[in-house]
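Asks: Can you read through this structure? Questions will come right after.
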Amino acid sequence: MSRTAPTAMEQLVSILDLEPLEQDLFRGTSPQVGWQRVFGGQVIGQALVAAQRTVAADRLVHSLHGYFMRPGDPEAPIIYEVDRIRDGLSFATRSVVAIQHGKAIFSLSASFQKEEDGLEHQAPMPDVTAPEDLPGKEEMREAFLTGAPDHIRNYWERDRPIEVRPLSLEHYISDRKLEAEQKVWIRTTGPVPDDRIIQAAILAYLSDMTLLDTALFAHGKSVFDRSLQVASLDHAMWFHRPCKLDDWLLYSMDSPNSNGARGFTRGSLYQRDGKLIASVAQEGLIRSRTKA
């Protein structure tokens, strides 16, 4: 009896469930989807899971800061080594190094806190068109794939764990210079386990999607432009409120600066009910390949 192949979302949940090797040492793998390098959001998510699994269950992540050092090899396992920096009465701090072929490819520092009550406020969610009223996956595919190069066609036709619906498609079909800001609705393409560790890791995973592309809006270019070398350099994230990821999230992003072959971007993730669940910041390499 043949077994049904796992969906992209099932694969994502599986690769985030790291294999413990010994104390503070974990092994992760990558989905075999033909990518030349490991997606940065995957490494962030896996490193966060490794760190969280060395922390008391009543302490949940509230912030992380990561640096990308080398591209990851999707054909090789990734070893995550956790350093237990500190365990305090309310907070815990962990440092994680991701290693492949004997070299560090990524480092992460994360802080965890017992849940507490305190003062509360947040910026309001932008008033935007609902995701149901935007072009769906098939409509977007038709808009993008007519005459599209193979690398773009392959990207859009691949089964993916995360679905994105931009509020505007102009950036993707035009080379006009636009304001360096964008908003997209984003959600998982399958159910998410009722596990706060995995939920936070998936949120970290999807926070790396579409973010750096925002820095290219002002230049009339996109991450699909093969004349550019585009890669994440660092990633910071603050987790404000828990989220089960069972509905669309609004990802509001902007880029206040690009210079020195680097672009800086910021993002806010909101639930549909308006709750701000996370804030993100990232700097990435944006370099002309003729100068590489």
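Number 1111 in my numbering belongs to position 183 of the sequence shown; there are no gaps in the numbering.
Glycine is no exception: its CB is placed at the ideal position from the N, C-alpha and C atoms.
Measure the alpha-carbon distance for residue 993 versus residue 1128 and round it to whole angstroms.
Replies: Cα to Cα, the separation comes out at about 14 Å.
Asks: Identify every residue that forms a DSSP beta bridge with residue 1050.
Replies: Note: residue 1050 sits in no beta bridge, so no partner.
Asks: Under the assumption that residue 1142 contacts residue 1108 (Cβ atoms under 8 Å), give the Cβ distance between them as a whole number of angstroms.
Replies: Yes, residue 1142 and residue 1108 are in contact; Cβ-Cβ is about 6 Å, under 8 Å.
Asks: So the candidates are 1093, 943, 977 and 1117; which of them puts its Cα closest to the Cα of residue 1039?
Replies: Minimum Cα distance to residue 1039 is reached at 977.
Asks: Here's the rule I'm using: 16 or more other beta-carbon atoms within 10 Å means buried, otherwise exposed. How should residue 1049 be labelled?
Replies: Per the 10 Å Cβ criterion, exposed.
Asks: Rounding to the nearest angstrom, what Cα-Cα distance links residue 1118 and residue 1086 in this structure?
Replies: Roughly 15 Å between the two C-alpha positions.
Asks: Label residue 1111 either buried or exposed according to how many other C-beta atoms from any shown protein chain fall within 10 Å of its C-beta, with 16 as the threshold for buried.
Replies: With 16 or more Cβ atoms within 10 Å of its Cβ, residue 1111 is classed as buried.
Asks: Helix, strand or coil for residue 1207? Go by DSSP, reduced to three states.
Replies: Residue state, collapsed to three classes: strand.
Asks: Just checking, does the stretch 1194–1208 make contact with the stretch 1000–1010 on the three C-beta pairs under 8 Å criterion?
Replies: Output reads no: the stretch 1000–1010 does not touch the stretch 1194–1208.
Asks: What would DSSP say about residue 956, mapped onto helix, strand or coil?
Replies: Of the three classes helix, strand and coil, the one that applies to residue 956 here is strand, per DSSP.
Asks: For a quick check, are the C-beta atoms of residue 1093 and residue 1059 less than 8 Å apart?
Replies: A contact, by the Cβ cut-off of 8 Å.
Asks: If you run the structure through DSSP and keep just helix, strand and coil, what is residue 1143?
Replies: Three-state DSSP puts residue 1143 in a helix.
Asks: For the stretch 1200–1218 against the stretch 1149–1167, do three or more pairs of beta-carbon atoms, one drawn from each stretch, fall closer than 8 Å, so that the two count as touching?
Replies: Touching, yes, given that three or more Cβ pairs across the two stretches are closer than 8 Å.
Asks: Just mark residue 1045 as buried or exposed, buried being the case when its beta carbon has 16 or more other beta carbons within 10 Å.
Replies: The residue in question, residue 1045, is exposed, as its Cβ has fewer than 16 Cβ neighbours within 10 Å.
Asks: Return the bridge partner residues of residue 947 from the DSSP annotation.
Replies: Beta-bridge pairing links residue 947 to 955.
Asks: From which residue to which residue does the alpha helix (DSSP H) around residue 977 run?
Replies: It spans 968–980 - the alpha helix (DSSP H) in which residue 977 sits, taken as one unbroken run.
Asks: What residue ranges within the stretch 1079–1131 form continuous alpha helix (DSSP H) runs of no fewer than 4 residues, ordered along the chain?
Replies: Here the runs fully enclosed are 1098–1101.
Asks: Are residue 937 and residue 1121 touching if we call contact CB-CB under 8 Å?
Replies: No, these two residues do not count as a Cβ contact at 8 Å.
Asks: Check the C-beta distance from residue 1191 over to residue 1140 and give it rounded, since I have them as a contact under 8 Å.
Replies: About 6 Å; that satisfies the 8 Å criterion.
Asks: Let me check one thing: in DSSP terms, what residues is residue 1188 bridge-paired to?
Replies: Its beta-bridge partners do not exist; DSSP assigns none.
Asks: Within 10 angstroms of its Cβ, does residue 1032 collect 16 or more other Cβ (buried), or is it exposed?
Replies: It is exposed - the Cβ of residue 1032 has fewer than 16 other Cβ atoms within 10 Å.
Asks: I think residue 969 touches residue 1136, with their Cβ atoms under 8 Å apart; what is that distance to the nearest whole Å?
Replies: 3 Å between Cβ atoms; contact.
Asks: By Cβ distance below 6 Å, which residues in the same chain neighbour residue 940 in space, the five residues on each side in sequence not counted?
Replies: Excluding sequence neighbours, residue 940 sits near 1089.
Asks: Given residue 949, which residues of its chain have a CB within under 6 Å of its CB, disregarding the five upstream and five downstream residues?
Replies: Around residue 949: 955.
Asks: If you run the structure through DSSP and keep just helix, strand and coil, what is residue 1044?
Replies: Coil, per DSSP.
Asks: Which same chain residues, not among the five before or five after residue 1062, have their C-beta less than 8 Å away from its C-beta?
Replies: 1093, 1094, 1095 and 1113.
Asks: Taking the straight line between their C-alpha atoms, what separation do you get for residue 1037 and residue 1104?
Replies: Cα to Cα, residue 1037 sits roughly 38 Å from residue 1104.
Asks: Assign residue 929 to one of three DSSP states: helix, strand, or coil.
Replies: Note that residue 929 scores a pLDDT of 45, beneath 50, so its modelled location is shaky and nothing firm can be said.
Asks: According to DSSP, residue 1224 sits in a beta bridge with which residue or residues?
Replies: With the chain represented from 929 up to 1220, any question about residue 1224 goes unanswered, as that position is not in the structure.
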